[in-house]
Each structure stands twice: as structure tokens, then as C-alpha cells.
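Student: Here the protein sequences line up with chains A and B, keeping their order.
Per the numbering used here, the first sequence starts with residue 212, numbered consecutively.
Per the numbering used here, the second sequence starts with residue 2, numbered consecutively.
Just so you know, even glycine gets a beta-carbon here, dropped at the ideal spot from N, CA and C.
For reference, the structure I am asking about is given below.
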Amino acid sequence: MTGRACIVGIGETRYARDKAWSPTTLGLNLDAAARAIEDAGLRIRDIDGLMPFPNLSSAEEIATNLGLEELAFASTVHMGGASPVASLLHASLAVSCGAANYVLLPAGWTGYSGARARQTVMTDAASIPGGGIARDYYIPYALTAPPQWYALLARRHMADFGTRPEQLGAVAVAMRKHAQANPNAVMRGRPMTIEDYLASPMIADPYRLLDCCLETDGGAAVVVTTEERARDLAKKPVRILGVAAGQPRPADEIVSRKDIFRIGLTTAAPRAFAAAGVRPADIDFAQIYDCFTFEVLQQLEEAGFCKRGEAGAFVEGGRIEIGGELPVNTHGGLLSEAHVLGMSHIVEAVKQLRGDAGERQVADAELGVVTGFGDFGDGSIAILGAPS
Amino acid sequence: MTARPLPQLTGLAKEFYGFCKARELRFQRCSECSAWRHVPRERCGECGSSNFRWERSSGRGRVFTWVVAVRSMHPAFPSDPPIAPVVVETDEGVRLVSEVVDCPPGDLAIGMPVEVVYDDVTDQVTLPKFRRLG
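So, in C-alpha cells, the structure goes:
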């Protein structure tokens with residue numbers, strides 16, 4: 212890719228489950244956006260590209276309320292939790308070809324104080340690409356919510372490869388441990404052991420409560436521009452070395468796939484690694500979209516960090532904890548920091564590569580991976596490099 | 002209690018569930034490449050053909066995977082006793098979400114042989130479900 216793109220600004224709001232706090236979805240998007248623009252050392256009017264998260268705040272209302280003067284590029288990627296990382300691909304293309312100079316990617320929602328995710332799927336068949344299929348072929352059988360869809364895959368993986376509950380639990384425990392070193396993590400101050408995990412109640416067997424991500428209020432945003440423009444800005448740019456998105460086949464239905472474990476990441480990851488010219492073994496940390504514990508195992512396999520069927524053993528023994536071979540979700544992830552739609556995974560990767568991650572800093576972090584996962588298995592992956 | 006959610010009987014879903022009401026489990030089969038498919042689609046995902054027939058399934062298959070909905074996430078479905086949505090793979094190689102009736106979740110097993118039964122949930126809608134074989 213000529214004119215390589217960079218991430219030059221990051222912003223976050225408070226993340227919380229707090230009955231005394233009732234932010235709006237739009238307000239969270241705007242607050243995170245304003246902080247990302249300020250972090251980059253840009254003025255609001257410099258932003259001429261906008262890629263909002265799907266089905267939340269529109270480009271029109273964000274642009275109007277931020278006070279953007281000229282919006283040359285506005286677009287949304289409809290891939291659920293895979294959207295923010297996939298938007299890095301679209302934003303990179305936009306700045307590389309000159310369609311826009313500075314593209315803002317905001318995301319934010321009231322996952323705790325507002326409508327819950329499962330209610331969205333139940334009441335609005337159009338909210339996800341397979342919504343009509345879920346309405347006609349899943350929901351009549353009581354298969355109604357995301358933890359249930361993915362628990363079907365987790366059980367099959369356990370049967371095919373001997374993956375054990377303790378291995379799913381190792382993911383939850385690692386995320387919780389990392390959250391203890393993150394001042395903005397909702398689960399800071401609430402450490403968890405594998406015994407706590409195993410004792411947590413079943414929700415969607417084989418998923419326990421502690422296999423499931425948090426429902427929180429919060430927003431996060433990043434700003435993308437070219438390497439050339441980045442030279443004049445406040446922060447050293449984090450380079451987007453490779454980025455790709457992909458879809459399972461079929462993408463709108465989860466049980467009929469010939470290879471039941473193949474997801475969008477399966478085909479996207481090799482493209483991203485090839486573009487970056489690096490291998491999974493070169494990566495210093497990975498922020499993996501962790502809606503549920505098994506999806507972390509599945510993505511580690513499909514991204515090529517280990518072979519199909521081996522992720523259970525891979526996540527044990529502290530290997531995915533800070534100080535281990537591949538620290539995963541150093542901020543605590545959706546499981547223990549907050550559910551910020553995947554955008555906080557990008558923000559955390561940038562902090563790590565800038566060397567700004569404080570007490571949770573991964574030593575000598577030069578190369579990081581961020582993944583996104585959504586809508587029955589759409590996938591996205593970015594390989595990011597520290598400022599040169 | 003909220004009314005049970007039902008499929009919307011339009012288009013191909015109307016045809017599929019219409020056969021179920023007549024006590025026939027039929028899936029689409031491509032007239033060009035003979036690939037079976039479900040959920041119903043306008044075109045074959047293997048060869049792209051729009052020509053198909055509704056062919057009768059053997060009605061037999063095996064449990065491919067399942068989840069126990071221990072905590073209900075929909076007001077129409079009780080959590081006591083919990084329902085266990087299953088994925089059945091039929092002899093034709095088609096997979097569908099369903100339920101194994103009269104089978105406590107603790108008795109489910111991957112590979113368990115099952116055969117179709119029909120549950121008239123309303124006057125209009127019949128859902129294909131399965132029962133244990135043998």
C-alpha cells in the first residue's frame with residue numbers, strides 16, 4: 212500500500228456500570244471523538260472523514276454536533292464487533308487515495324443503562340445481517356441470544372478437540388488479571404480465580420456467567436491519517452502495517468457452514484500478515500475481540516497463533532498474560548475492562564505501541580495485532596507497528 | 002407470559018413451514034449440482050443456480066451440537082425447565098436448529114440418532130422437532 216496509514220489520535224470516555232450515570236449514545240461518541248482529536252493535536256475542523264459504528268449514532272448527527280465543517284468521506288462498515296478494525300481498512304484506503312485527510316472512527320453505546328444487545332436482536336430483525344434467519348429458524352426454538360449461538364460452537368470444539376472448561380476459564384482469568392492494572396477497567400478491584408470462574412452459574416451451557424463479556428456504558432475513538440501528515444502531529448504515529456476483513460461462508464447463518472469453525476478471520480488473517488510481511492510468531496501482543504471466552508480461542512487458532520484445536524492448551528500456563536509469550540487483551544478486554552464495541556481494543560494497542568500503557572506495559576512492544584468479530588463470525592484484523 | 006415467537010410465513014419460509022404442516026420435512030436441492038441446502042435460499046451457494054426442487058428428507062439425522070439455555074434470554078421461553086436448542090445434521094448432510102423432545106438436556110450427546118416429529122405450535126405454524134431413535 213502506498214502512502215501507509217497511521218493511527219494518530221486515541222480517545223476514551225469513562226467506562227462504567229453505574230446507576231447514577233446515564234450518558235447518551237451520542238454523547239459517548241462525541242466525548243470519545245473530541246478526546247481523540249485533541250490527542251492527535253488536530254482541530255475539530257481538520258476532520259473530514261467519519262466512520263461511525265453501525266446502528267448507533269449516525270454520521271450526520273455526529274458531524275453536526277461535533278461541528279465538522281466539511282465531511283468529504285462518511286461511511287459505515289456493517290460487521291458488528293468486527294466493524295472498528297474493518298473501518299481501519301476503509302479509513303486507510305480513504306486517506307491513501309486522498310478521499311479524506313483525517314478520518315475519525317468513533318464508537319460508543321449505553322450497553323448497561325440502555326437497551327441490551329439481546330433485546331436488539333429480538334426486536335429488530337434488521338439489526339444484524341442474519342436477523343431474518345434468526346427470526347424464522349433460530350428464535351422459535353429458543354435460540355435467541357449471542358451467548359447461545361456461540362456456545363453451540365464452543366461445545367462442538369470441546370467434543371472435537373477435548374477443550375476443557377478450565378481452558379475457557381484461563382481466558383477469563385487472564386482478562387481479569389489485566390484489568391487490575393487498568394484504572395478505567397470496570398472490573399478493577401475485583402480479582403478472580405479459576406475457582407471463581409468454575410463456580411459461576413451456567414448461562415448458556417457450556418457458557419458460564421464469567422465466559423460472557425460485560426454490558427457497560429462507554430465510548431472510544433481513533434483518528435487515521437497518512438504517514439506524511441502524521442509527521443506534523445502531536446503524537447508519534449502507530450503504523451497500520453496490514454489490515455484485512457473477511458466473512459464466513461455463509462455469513463448470515465451460523466450452523467450450516469461445512470467447516471463449522473471457519474470464520475471471517477480465517478481468510479482475513481493471512482492477507483493481513485502477508486501485507487505486513489510478518490508472521491504470528493513475530494507479534495508481541497494481541498487484542499482479541501472477546502465477546503465470549505471461546506471466541507478468543509477460536510480467533511487465536513484462525514489467526515494462526517496456534518493450530519486448529521490447540522488453543523485450549525495455548526491459553527494455559529499464563530501464556531496469554533502480560534509477561535507471557537503472547538499477552539492478550541492487556542486492558543482487560545470486553546470481559547473485564549468494558550464492552551466498547553471493539554474500539555477500545557484498538558486504543559489499547561496504540562497505547563502499548565506508544566509505550567504509554569503504564570503498569571500493564573508489554574516490554575519492548577513493537578508489533579501488535581487487533582482483531583474484530585461480529586454478526587455470526589465476520590472478522591477483521593490489523594497488524595500495527597510502533598512508531599519508527 | 003409473552004406469546005412464543007414464530008417464524009414469519011413469507012417467501013421461502015412459507016414454503017418450508019407449509020411442508021412441515023403437511024408432515025413433510027423437505028429441503029431445497031439444487032437441480033444443477035444436486036447440493037442440498039437449508040436455510041432456504043434463492044440460489045445455490047455451491048454453483049449459483051436458481052433452479053431447485055423441494056426434496057423430501059429422510060427425517061433422520063444425528064445431534065451435531067447443542068446449548069442449554071439455562072438462563073432464559075427471551076420472555077416467551079421459561080428457564081425452568083431449561084430448553085436446549087440443538088443442531089441436527091440430517092442424513093442428507095443438512096444442518097438445522099431444532100429441539101429433541103422428551104429428552105432432558107443431560108441425556109443429549111453428539112452423534113445421538115434422532116428422527117423428525119412435528120409440533121403444531123399454532124393453527125398456522127408447525128415446527129419440525131426431533132425425537133431419540135432407539
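1) Pull up the distance between the alpha-carbon of A:ALA283 and that of A:SER298, whole angstroms please.
2) Between the segment 405-421 of chain A and the segment 311-323 of chain A, do at least 3 Cβ pairs fall closer than 8 Å?
3) B:PHE78 CB to nearest chain A CB: under 8 Å?
4) Among all the DSSP beta bridges, which residues are the ones paired with A:LEU253?
5) Could you check what DSSP says for A:PRO402 in three-state terms: helix, strand or coil?
6) Using a C-beta cutoff of 8 Å, does A:VAL466 count as contacting chain B?
7) Identify each residue in the segment 50-68 of chain B for which the Cβ-Cβ distance to at least one residue of chain A is less than 8 Å, and report them in chain order.
8) Taking B:SER99 as the query, report the chain A residues whose CB atoms sit under 8 Å from its CB, ordered along the chain.
9) Measure the CB-CB distance between A:ARG450 and A:ARG215 and report whether it falls below 8 Å.
10) Under the rule that 16 or more other beta-carbon atoms within 10 Å means buried, what is A:THR436, buried or exposed?
11) Chain A partners of B:GLY46, CB-CB under 7 Å?
12) Let me know the secondary structure DSSP gives B:CYS21 once reduced to three states.
13) How would you list, in chain order, the residues of chain A whose beta-carbon sits under 7 Å from the beta-carbon of B:PRO6?
14) Would A:LEU452 be called buried (16 or more neighbouring beta carbons within 10 Å of its own) or exposed?
15) For B:SER80, count neighbouring Cβ atoms within 10 angstroms of its own Cβ and tell me buried if that reaches 16, exposed if not.
16) Identify which residue in A:ALA479, A:ALA345, A:VAL507 and A:GLY569 has its Cα closest to the Cα of A:HIS368.
17) Using 8 Å as the limit for Cβ to Cβ distance, is A:THR436 near chain B?
18) Could you pull the DSSP bridge partners for A:GLN498 from this structure?
19) Can you tell me whether A:GLY380 is buried or exposed, with buried defined as 16 or more other CB within 10 angstroms of its CB?
20) Among residues of its own chain, excluding the 5 on either side of A:ILE594, which ones have a beta-carbon nearer than 6 Å to its beta-carbon?
21) In angstroms with no decimal places, state the Cα-to-Cα distance between B:SER58 and B:PHE131.
22) Since B:VAL71 meets chain A, which of its residues come closer than 7 Å, beta carbon to beta carbon?
23) Could you name each continuous alpha helix (DSSP H) segment of 4 residues or more that falls completely within the segment 237-282 of chain A, going from the start of the chain to the end?
24) Near B:VAL95, which residues of its chain fall below 6 Å by C-beta distance, leaving aside the five closest residues on each side in sequence?
25) Compare the C-beta of A:ILE344 with all C-beta atoms of chain B and state if any pair is closer than 8 Å.
26) Between A:ARG401 and A:VAL539, what straight-line distance do the alpha-carbon atoms span, to the nearest angstrom?
27) So with Cβ pairs under 8 Å, would you call A:THR355 a contact of chain B?
28) Contact criterion: CB-CB distance below 8 Å. Does A:GLN563 meet it with respect to chain B?
29) Residue range of the beta strand (DSSP E) that A:THR437 falls in?
30) From B:VAL98 to A:SER268, what distance separates their C-alpha atoms?
31) Measuring only the C-alpha atoms, how far is A:LYS230 from A:ASP242?
32) Please tell me whether A:LEU546 and A:ASP493 are closer than 8 Å, where the distance is taken between their beta carbons.
33) State yes or no: is the beta carbon of B:VAL115 nearer than 8 Å to at least one beta carbon in chain A?
34) Going along chain A in order, which residues have a C-beta closer than 9 Å to the C-beta of B:ARG96?
35) Checking 8 Å against the spacing of the C-beta atoms, do B:GLU100 and A:TYR352 come in under that value?
36) Please list the residues of the segment 565-577 of chain A that have a C-beta atom closer than 7 Å to any C-beta atom in chain B, keeping them in chain order.
Tutor: Reading it off the structure:
1) Your numbering for residue 283 of chain A matches position 72 in the first sequence. Your numbering for residue 298 of chain A matches position 87 in the first sequence. Note on geometry: alpha-carbon atoms of A:ALA283 and A:SER298 lie some 16 Å from one another.
2) Inter-segment contact for the segment 405-421 of chain A and the segment 311-323 of chain A is absent: fewer than three beta-carbon pairs are separated by less than 8 Å.
3) Indexing the second sequence from 1 puts residue 78 of chain B at position 77. So, interface residue.
4) Locating residue 253 of chain A in the first sequence gives position 42, counting from the first residue. BP columns for A:LEU253 are empty, so no partner.
5) In the first sequence, the residue the question calls residue 402 of chain A occupies position 191. Correct three-state label for A:PRO402: coil.
6) On the first sequence, position 255 is the one that residue 466 of chain A refers to. Closer than 8 Å to some Cβ of chain B, the Cβ of A:VAL466 qualifies, so yes.
7) Residues passing the 8 Å Cβ filter: PHE65, THR66, TRP67 and VAL68.
8) Taking the second sequence and counting its residues from 1, the one referred to as residue 99 of chain B is at position 98. Residues of chain A passing the Cβ test: TYR352.
9) Taking the first sequence and counting its residues from 1, one reaches residue 450 of chain A at position 239. Taking the first sequence and counting its residues from 1, one reaches residue 215 of chain A at position 4. In contact: A:ARG450 and A:ARG215 (Cβ atoms closer than 8 Å).
10) On the first sequence, residue 436 of chain A is found 225 positions in, with the first residue counted as 1. Buried is the call here.
11) The residue you call residue 46 of chain B lines up with position 45 of the second sequence. Within 7 Å Cβ-Cβ: PRO461.
12) As a first step, residue 21 of chain B is located in the second sequence; it is residue number 20 there, counting from the start. It is helical.
13) Your numbering for residue 6 of chain B matches position 5 in the second sequence. ILE350 and PRO351, listed in chain order.
14) By 1-based counting over the first sequence, the position of residue 452 of chain A is 241. Around the beta-carbon of A:LEU452, 16 or more other beta-carbon atoms lie within 10 Å, marking it buried.
15) Translated into positions along the second sequence, residue 80 of chain B becomes position 79. By the neighbour-count rule (16 or more Cβ atoms within 10 Å), B:SER80 is not buried but exposed.
16) Taking the first sequence and counting its residues from 1, the one referred to as residue 368 of chain A is at position 157. Comparing Cα-Cα distances from A:HIS368 to each of A:ALA479, A:ALA345, A:VAL507 and A:GLY569, the minimum goes to A:VAL507.
17) Taking the first sequence and counting its residues from 1, one reaches residue 436 of chain A at position 225. No, A:THR436 lies away from the interface with chain B (no Cβ there is under 8 Å from its Cβ).
18) Along the first sequence, read from residue 1 onward, the residue named residue 498 of chain A stands at position 287. A:GLN498 is bridged by DSSP to A:VAL581.
19) Along the first sequence, one-based indexing puts residue 380 of chain A at 169. Flag for A:GLY380 reads buried.
20) For the purposes of this step, residue 594 of chain A is taken as the residue at position 383 of the first sequence. These residues qualify, in order along the chain: LEU452, GLY453, ALA483, ALA487 and VAL580.
21) Position 57 of the second sequence, counted from the first residue, corresponds to residue 58 of chain B. Position 130 of the second sequence, counted from the first residue, corresponds to residue 131 of chain B. Taking the straight line from one Cα to the other gives about 13 Å.
22) For the purposes of this step, residue 71 of chain B is identified with residue 70 of the second sequence, where counting begins at 1. Correct list: MET413, ILE414, ALA415 and ASP416.
23) Segments of the alpha helix (DSSP H) lying fully in the segment 237-282 of chain A: 270-277.
24) On the second sequence, position 94 is the one that residue 95 of chain B refers to. Excluding its 5 nearest sequence neighbours in each direction, B:VAL95 has C-beta neighbours in its own chain below 6 Å: PHE28, TRP37 and HIS39, listed in chain order.
25) Within the first sequence, the letter at position 133 stands for residue 344 of chain A. Interface residue, yes.
26) Here the question's residue 401 of chain A lines up with position 190 in the first sequence. Here the question's residue 539 of chain A lines up with position 328 in the first sequence. Spanning the alpha carbons of A:ARG401 and A:VAL539 requires a straight line of approximately 19 Å.
27) Translated into positions along the first sequence, residue 355 of chain A becomes position 144. Yes, because at least one Cβ of chain B sits closer than 8 Å to the Cβ of A:THR355.
28) Residue 563 of chain A sits at position 352 when you count from the first residue of the first sequence. Judged by the 8 Å Cβ criterion, A:GLN563 is not in contact with chain B.
29) Residue numbering aside, residue 437 of chain A sits at position 226 when the first sequence is read from its first letter. Unbroken beta strand (DSSP E) run through A:THR437: 428-437.
30) Within the second sequence, residue 98 of chain B is the residue found at index 97, counting from 1. Within the first sequence, residue 268 of chain A is the residue found at index 57, counting from 1. CA-CA distance, B:VAL98 to A:SER268, rounds to 34 Å.
31) Within the first sequence, residue 230 of chain A is the residue found at index 19, counting from 1. Within the first sequence, residue 242 of chain A is the residue found at index 31, counting from 1. One C-alpha to the other measures close to 20 Å.
32) By one-based count along the first sequence, residue 546 of chain A stands at place 335. By one-based count along the first sequence, residue 493 of chain A stands at place 282. Cβ atoms of A:LEU546 and A:ASP493: not closer than 8 Å.
33) Your numbering for residue 115 of chain B matches position 114 in the second sequence. For B:VAL115, the answer is no, since every Cβ of chain A falls outside 8 Å of its Cβ.
34) Position 95 of the second sequence, counting from 1, holds the residue named residue 96 of chain B. Going along chain A in sequence order, the residues near B:ARG96 (Cβ under 9 Å) are VAL466, SER467, ARG468 and ILE471.
35) Here residue 100 of chain B refers to the residue found at position 99 of the second sequence. Here residue 352 of chain A refers to the residue found at position 141 of the first sequence. Against a cut-off of 8 Å, the Cβ pair of A:TYR352 and B:GLU100 comes out as a contact.
36) The residues in question: there are none.
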